[in-house]
Amino acid sequence: MSEAPVVGDENGLIEVTEGEWAGWSRWQGDPFEERAGPFYEKELDDGTVVTAFRAERRHMNGAGFMHGGCLMTFADSAIFSIARHAMGGSHGVTLHLGADFLDPARVGELIEARGEVVRAGGKTVFVQGLVTADGRPVLRLDGIIRKVSGRRD
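Just so you know, the numbering used here puts 34 at position 37 of the sequence shown, and the rest follows in order with no gaps.
Below is the structure:
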């Protein structure tokens, strides 16, 4: 897998400047997410945040379909991208992540997540969304994020 050139900090949201993901951004500094993905995101003109990645063989299970754990990892990442503005720069942890698997995803498909913040107040943000594979719904999700102060190493 070749890594797309990026512009940005060592930790945080960085812009991809070349290749399939030019014009998108990705988070750098999360070792697990970088290994699972990388996952990309962009904000559309209407403020909607889209997250995406390209399904590779390494994301598949023994039956040749995307592993459910991979889809859940992507969904967990996506809720934070969808809620980025509602988070107001705070760090957060996932309190709840629910999902309904709708259809299998396959190698080569473009996996995208879109959603919305249903409610945000105080330290809690509620998100719902849909993950698609080449535009076909594959996972419905809902999540709850709890804002936390500071980062712990």
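Quick reminder that beta carbons are idealized off the backbone N, C-alpha and C, glycines included.
Setting aside the 5 residues that flank it on each side, L92 is surrounded in the same chain by I141 and R143, each with a C-beta closer than 6 Å to its C-beta; the list follows chain order. I11 has its alpha-carbon roughly 10 Å from the corresponding atom of G20. Residue pairing for A60: DSSP places it in no beta bridge. According to DSSP, R111 shares a beta bridge with V47 and L127.
Inclusion of F50 and F36 in the CB contact set at 9 Å is warranted, their separation being smaller than that value. W24 carries a strand assignment under DSSP once its states are collapsed to helix, strand and coil. The Cβ atoms of A72 and L99 do not sit closer than 9 Å to each other.
In the three-state scheme derived from DSSP, where H, G and I count as helix and E and B as strand, A102 is classed as coil. Per DSSP, D73 lies in no beta strand (DSSP E); the unbroken alpha helix (DSSP H) holding it starts and ends at G65 to I79.
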